[in-house]
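Using the UniProt record's numbering, read the sequence shown as starting at 1 and increasing by one per residue.
Structure first, then comments.
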Amino acid sequence: MSSFAPASKGGESANLADMKVFFPGIEKIQYKPDSGPSDTLCFKHYNASEVVCGRTMEEWCRFSVCYWHTFRGTGADPFGFPTLIRPWEDNSNTIDNAKRRLRAGFEFFSKLGVKYWCFHDRDIAPEGADLTETNKILDEVSDLALELQTETGVKLLWATCNLFAHQRYMNGASTNPNAHIVAYAAAQVKKGLEVAKKLGAENYVFWGGREGYHSILNTDVRAELDHMAAFFKMVVAYKEKIGFTGQLLIEPKPKEPSKHQYDYDAMTVIAFLKTYGLDKDFKINVEPNHTTLAGHSYEHDVIMAAKYNMLGSIDSNTGSPDLGWDTDQFPMDIKNCTMIMKTIIEMGGLAPGGLNFDCKVRRESTALQDMFISHIGAMDALARGLKCAAKLIEEKVMSGLVEERYSSFTSGLGKDLADGNATLEQCEEFVLKNGEPEIASGQQEHYEAILNYYVK
Ligand code: XUL
Ligand code: CO
Numbered sequence: 001m002s003s004f005a006p007a008s009k010g011g012e013s014a015n016l017a018d019m020k021v022f023f024p025g026i027e028k029i030q031y032k033p034d035s036g037p038s039d040t041l042c043f044k045h046y047n048a049s050e051v052v053c054g055r056t057m058e059e060w061c062r063f064s065v066c067y068w069h070t071f072r073g074t075g076a077d078p079f080g081f082p083t084l085i086r087p088w089e090d091n092s093n094t095i096d097n098a099k100r101r102l103r104a105g106f107e108f109f110s111k112l113g114v115k116y117w118c119f120h121d122r123d124i125a126p127e128g129a130d131l132t133e134t135n136k137i138l139d140e141v142s143d144l145a146l147e148l149q150t151e152t153g154v155k156l157l158w159a160t161c162n163l164f165a166h167q168r169y170m171n172g173a174s175t176n177p178n179a180h181i182v183a184y185a186a187a188q189v190k191k192g193l194e195v196a197k198k199l200g201a202e203n204y205v206f207w208g209g210r211e212g213y214h215s216i217l218n219t220d221v222r223a224e225l226d227h228m229a230a231f232f233k234m235v236v237a238y239k240e241k242i243g244f245t246g247q248l249l250i251e252p253k254p255k256e257p258s259k260h261q262y263d264y265d266a267m268t269v270i271a272f273l274k275t276y277g278l279d280k281d282f283k284i285n286v287e288p289n290h291t292t293l294a295g296h297s298y299e300h301d302v303i304m305a306a307k308y309n310m311l312g313s314i315d316s317n318t319g320s321p322d323l324g325w326d327t328d329q330f331p332m333d334i335k336n337c338t339m340i341m342k343t344i345i346e347m348g349g350l351a352p353g354g355l356n357f358d359c360k361v362r363r364e365s366t367a368l369q370d371m372f373i374s375h376i377g378a379m380d381a382l383a384r385g386l387k388c389a390a391k392l393i394e395e396k397v398m399s400g401l402v403e404e405r406y407s408s409f410t411s412g413l414g415k416d417l418a419d420g421n422a423t424l425e426q427c428e429e430f431v432l433k434n435g436e437p438e439i440a441s442g443q444q445e446h447y448e449a450i451l452n453y454y455v456k
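What follows is the structure in structure tokens.
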């Protein structure tokens with residue numbers, strides 16, 4: 001991927017060097033609830049200060065823009081060249097280009113009205129000839145990021161290291177069969193944590209795209225998982241040493257680019273963390289497009305992680321149900337958004353996590369305006385989801401039915417069973433005395449119709 005190529009010298013044209021406004025003609029996006037259907041450059045539902053279920057929409061949603069798709073995405077795919085030609089880019093991998101792009105980024109975040117952004121180390125700054133030079137470049141560009149954060153009030157939801165694009169990581173980073181490469185990844189993460197601390201990151205993410213395998217024949221899976229756990233223990237130790245207080249997160253994904261990724265889904269990651277005694281130090285960053293790639297329903301991992309108090313943050317996107325890969329589309333489906341916001345309300349909020357748009361405009365959506373329209377559409381969809389979920393929760397129709405469905409566990413033998421106080425002998429005695437149980441309808445369609453009532 002050209003965006004992760006080593007730093008290059010490159011001529012900066014005088015015009016680009018003078019560029020001060022990157023999105024001319026677009027002002028701060030406004031809330032206009034009465035606007036018409038084709039007015040897609042304003043919010044119809046997302047009203048940051050509006051209170052829903054006791055909190056402002058901004059507090060519930062904690063929206064974030066991801067830098068990699070929105071500012072490093074070119075629209076290139078395995079079959080075609082870049083289509084997203086941005087006026088601030090001079091096609092070089094220079095520090096000047098990186099800095100100008102960052103200024104464009106902060107103008108975008110501010111005009112859109114989001115309070116957070118996220119990045120990989122290599123998204124914001126190019127690699128140098130060696131680690132020393134790379135770290136120096138990262139220091140220089142992240143100094144500017146800090147300045148822009150202070151100037152605009154936009155904060156860092158999370159930072160991460162790109163441990164998958166460079167060819168050194170083709171066989172894995174923390175799970176690489178070569179200890180030298182594991183050490184390289186560790187050194188990169190050491191710097192990543194320092195930069196995250198400098199920028200006040202509220203979380204720090206690990207996504208293991210290359211942590212997995214293609215062929216079992218050349219792979220010692222147990223050794224690789226042990227190494228991954230040892231790597232994370234070094235991370236926890238260094239985090240504590242430098243006093244970085246952000247929440248550590250692991251982002252599950254079943255496959256792509258590796259055939260079998262170790263962090264398959266939320267429950268796999270929870271089992272890994274518990275097996276290696278890391279569950280107090282890490283939570284999960286769920287990306288619903290990864291959840292559906294794992295063969296689950298859209299909301300499954302968000303709910304599973306939340307129920308075990310392990311939901312840290314959400315890479316809010318969606319796949320295309322008719323395609324089998326990670327399309328990273330903007331979440332626009334109100335029913336999906338309602339299920340996500342329902343979970344967030346029920347868990348009392350996502351902070352210090354947020355809803356990060358790990359989404360890319362389609363390669364055919366080439367206009368600068370599309371960058372805004374896509375985010376606005378998704379923010380509106382989640383705001384609508386929030387309002388629908390609030391009503392669904394407040395009116396208690398569905399939760400009342402669920403409560404009733406499990407009511408046999410509130411007293412007698414059911415309570416003993418739920419509390420773990422029953423025995424097989426007691427159960428046998430109960431059945432001998434009470435005979436055949438009554439069969440109750442699961443009423444799935446009734447529940448689905450109730451959900452449809454609230455999704456408006
Ligand atoms: C890849 C993905 C990543 C992570 C951060 O599918 O989702 O962008 O979110 O590395
Ligand atoms: Co992601």
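We treat Cβ as the ideally placed atom computed from N, Cα and C, and that holds for glycine.
These numbers were taken from a predicted model, which means no experiment stands behind them.
Fill in: For VAL195, three-class secondary structure by DSSP
Position 195 of the sequence shown holds residue 195. Helix, per DSSP.
Discussion item. If I follow the unbroken alpha helix (DSSP H) through LYS44, where does it start and stop?
Written reply: By 1-based counting over the sequence shown, the position of residue 44 is 44. Careful: LYS44 lies outside any alpha helix (DSSP H) and carries neither H nor E.
Practice prompt. In the DSSP assignment, find the alpha helix (DSSP H) that holds LEU386 and state where it starts and stops.
Written response: For this step, residue 386 is matched to residue 386 along the sequence shown. Its alpha helix (DSSP H) spans residues 368 to 395.
Worksheet item: Per the contact definition of three or more C-beta pairs closer than 8 angstroms, is the stretch 332 to 351 in contact with the stretch 389 to 396?
Response: Yes: at least three Cβ pairs fall under 8 angstroms.
Worksheet item: Mind listing, in chain order, the residues whose beta carbon lies closer than 5 angstroms to a non-hydrogen atom of ligand 2?
Response: Going by the Cβ distance cut-off, the answer is GLU287, ASP315 and ASP358.
Fill in: Contact under 8 angstroms by Cβ, THR318 with PRO288
Position 318 of the sequence shown holds residue 318. Position 288 of the sequence shown holds residue 288. Yes, these two residues count as a Cβ contact at 8 angstroms.
Discussion item. Give me the DSSP bridge partner(s) of CYS66.
Written reply: Against the sequence shown, residue 66 aligns to sequence position 66. CYS118, per the DSSP bridge assignment.
Practice prompt. Please report the residue range of the beta strand (DSSP E) in which LEU157 lies.
Written response: As a first step, residue 157 must be located in the sequence shown, where it is residue number 157. Element bounds for LEU157: 155 to 160.
Worksheet item: Which term fits ILE85, buried or exposed, when burial requires 16 or more other beta carbons within 10 angstroms of its beta carbon?
Response: Translated into the one-based positions of the sequence shown, residue 85 becomes position 85. Label assigned to ILE85: exposed.
Practice prompt. Have a look at ASP419, THR410, PHE372 and GLY414 and flag the residue whose alpha-carbon is nearest the alpha-carbon of GLU27.
Written response: Working through the sequence shown from its first residue, we reach residue 27 at position 27. It is PHE372.
Worksheet item: Mapping DSSP to helix, strand and coil, what is LEU249?
Response: Within the sequence shown, the letter at position 249 stands for residue 249. Note: LEU249 maps to strand in three-state DSSP.
Worksheet item: For the stretch 252 to 279, which segments carrying the beta strand (DSSP E) assignment without a break, of at least 3 residues, lie completely within its bounds, in sequence order?
Response: You should have found no qualifying run.
Practice prompt. Can you check DSSP and say which residues form a bridge with ARG55?
Written response: In the sequence shown, residue 55 corresponds to position 55, counting from 1. VAL52.
Fill in: Segment limits, beta strand (DSSP E) that includes SER110
Locating residue 110 in the sequence shown gives position 110, counting from the first residue. In the DSSP annotation of this structure, SER110 is not part of any beta strand (DSSP E); the continuous alpha helix (DSSP H) holding it starts and ends at 95 to 112.
Worksheet item: Heavy atom of ligand 4 less than 7 angstroms from the Cβ of ASP263, yes or no?
Response: Here the bound small molecules are ligand 1 and ligand 2; ligand 4 is not part of this structure.
Worksheet item: If you run the structure through DSSP and keep just helix, strand and coil, what is ILE284?
Response: Position 284 of the sequence shown, counted from the first residue, corresponds to residue 284. Of the three classes helix, strand and coil, the one that applies to ILE284 here is strand, per DSSP.
Worksheet item: Pairing CB atoms from the stretch 221 to 235 with CB atoms from the stretch 261 to 274, are three or more of them under 8 angstroms?
Response: Judged by pairs of C-beta atoms under 8 angstroms, the stretch 221 to 235 touches the stretch 261 to 274, as three or more such pairs exist.
Worksheet entry | Rounded straight-line distance, which links the Cα of ALA367 to that of LYS233 | Here residue 233 refers to the residue found at position 233 when the sequence shown is read from its first residue. Here residue 367 refers to the residue found at position 367 when the sequence shown is read from its first residue. Rounded to whole angstroms, LYS233 and ALA367 show a C-alpha spacing of 45 angstroms.
Worksheet item: If you check the beta carbons only, do ILE303 and GLY385 fall under 8 angstroms apart?
Response: Taking the first residue of the sequence shown as 1, we reach residue 303 at position 303. Taking the first residue of the sequence shown as 1, we reach residue 385 at position 385. Their beta carbons are not under 8 angstroms apart, which means ILE303 does not touch GLY385 by this criterion.
Worksheet item: Within 7 angstroms: the Cβ of ASP123 and any heavy atom of ligand 1?
Response: In the sequence shown, the residue the question calls residue 123 occupies position 123. Because no heavy atom of ligand 1 lies under 7 angstroms away, the Cβ of ASP123 does not count as near it: no.
Item to complete: Express the C-alpha separation of ALA165 and GLU50 in angstroms, rounding to a whole number.
Response: The residue you call residue 50 lines up with position 50 of the sequence shown. The residue you call residue 165 lines up with position 165 of the sequence shown. Pairing GLU50 with ALA165, the inter-Cα distance amounts to about 41 angstroms.
Worksheet item: Between the stretch 100 to 108 and the stretch 409 to 428, do three or more beta carbon pairs fall short of 8 angstroms?
Response: The stretch 100 to 108 is not in contact with the stretch 409 to 428.
Worksheet item: Along the chain, where does the alpha helix (DSSP H) that runs through VAL302 open and close?
Response: If you number the sequence shown from 1, residue 302 lands on position 302. Per DSSP, VAL302 belongs to the alpha helix (DSSP H) from 300 to 307.
Worksheet item: Roughly how many whole angstroms lie between the Cα atoms of HIS120 and TYR31?
Response: For this step, residue 120 is matched to residue 120 along the sequence shown. For this step, residue 31 is matched to residue 31 along the sequence shown. Answer to the nearest angstrom: the Cα atoms are 31 angstroms apart.
Worksheet item: Should GLU448 be labelled buried (16 or more other beta-carbon atoms within 10 Å of its own) or exposed?
Response: Taking the first residue of the sequence shown as position 1, residue 448 is located at position 448. Here GLU448 is exposed. Its C-beta has fewer than 16 other C-beta atoms within 10 Å.
Worksheet item: How about THR134: is its Cβ closer than 7 angstroms to a heavy atom in ligand 1?
Response: Mapped onto the sequence shown, residue 134 falls at position 134. Because no heavy atom of ligand 1 lies under 7 angstroms away, the Cβ of THR134 does not count as near it: no.
Discussion item. Suppose contacts are defined by Cβ-Cβ distances below 8 angstroms. Is LYS254 in contact with ALA306 by that definition?
Written reply: By one-based count along the sequence shown, residue 254 stands at place 254. By one-based count along the sequence shown, residue 306 stands at place 306. According to the sequence shown, residue 254 is Pro rather than Lys. For the pair PRO254 and ALA306, the CB atoms are not nearer than the 8 angstroms cut-off.
Worksheet item: From ALA183 to SER174, what distance separates their C-alpha atoms?
Response: On the sequence shown, residue 183 is found 183 positions in, with the first residue counted as 1. On the sequence shown, residue 174 is found 174 positions in, with the first residue counted as 1. Taking the straight line from one Cα to the other gives about 8 angstroms.
Discussion item. Assuming GLY348 is part of the alpha helix (DSSP H), what are its boundary residues?
Written reply: In the sequence shown, counting from the first residue as 1, residue 348 sits at position 348. GLY348 -> no alpha helix (DSSP H), and no H or E assigned at all.
Practice prompt. Count the other C-beta atoms from every protein chain shown that fall within 10 angstroms of the C-beta of HIS69, then say buried if there are 16 or more, exposed otherwise.
Written response: In the sequence shown, counting from the first residue as 1, residue 69 sits at position 69. Sixteen is the threshold: when 16 or more other Cβ atoms of the shown chains lie within 10 Å of the Cβ of HIS69, as they do, the residue is buried.
Discussion item. Suppose you measure from the CA of LYS415 to the CA of GLU403; what does that come to, to the nearest Å?
Written reply: Taking the sequence shown and counting its residues from 1, one reaches residue 415 at position 415. Taking the sequence shown and counting its residues from 1, one reaches residue 403 at position 403. Near 14 angstroms, if we compare the C-alpha coordinates of GLU403 and LYS415.
Worksheet item: Are the beta-carbon atoms of VAL356 and CYS66 separated by less than 8 angstroms?
Response: If you number the sequence shown from 1, residue 356 lands on position 356. If you number the sequence shown from 1, residue 66 lands on position 66. Note that residue 356 is Asn in the sequence shown, not Val. In contact: ASN356 and CYS66 (Cβ atoms closer than 8 angstroms).
Worksheet item: Can you find a heavy atom of ligand 1 that lies under 7 angstroms from the Cβ of THR275?
Response: Residue 275 sits at position 275 when you count from the first residue of the sequence shown. Not one heavy atom of ligand 1 sits closer than 7 angstroms to the Cβ of THR275.
Worksheet item: For ILE340, is the classification buried or exposed, using 16 other Cβ atoms within 10 angstroms of its Cβ as the cut-off for buried?
Response: By one-based count along the sequence shown, residue 340 stands at place 340. ILE340 is buried by the Cβ-count criterion.
Discussion item. Taking the alpha helix (DSSP H) that ASP226 belongs to, which residues open and close that run?
Written reply: Taking the first residue of the sequence shown as 1, we reach residue 226 at position 226. Its alpha helix (DSSP H) spans residues 221 to 242.
Discussion item. Is it buried or exposed, PRO437, if we count other Cβ atoms within 10 angstroms and call 16 or more buried?
Written reply: Reading the sequence shown from its first residue, position 437 is the one you call residue 437. It is exposed - the Cβ of PRO437 has fewer than 16 other Cβ atoms within 10 Å.
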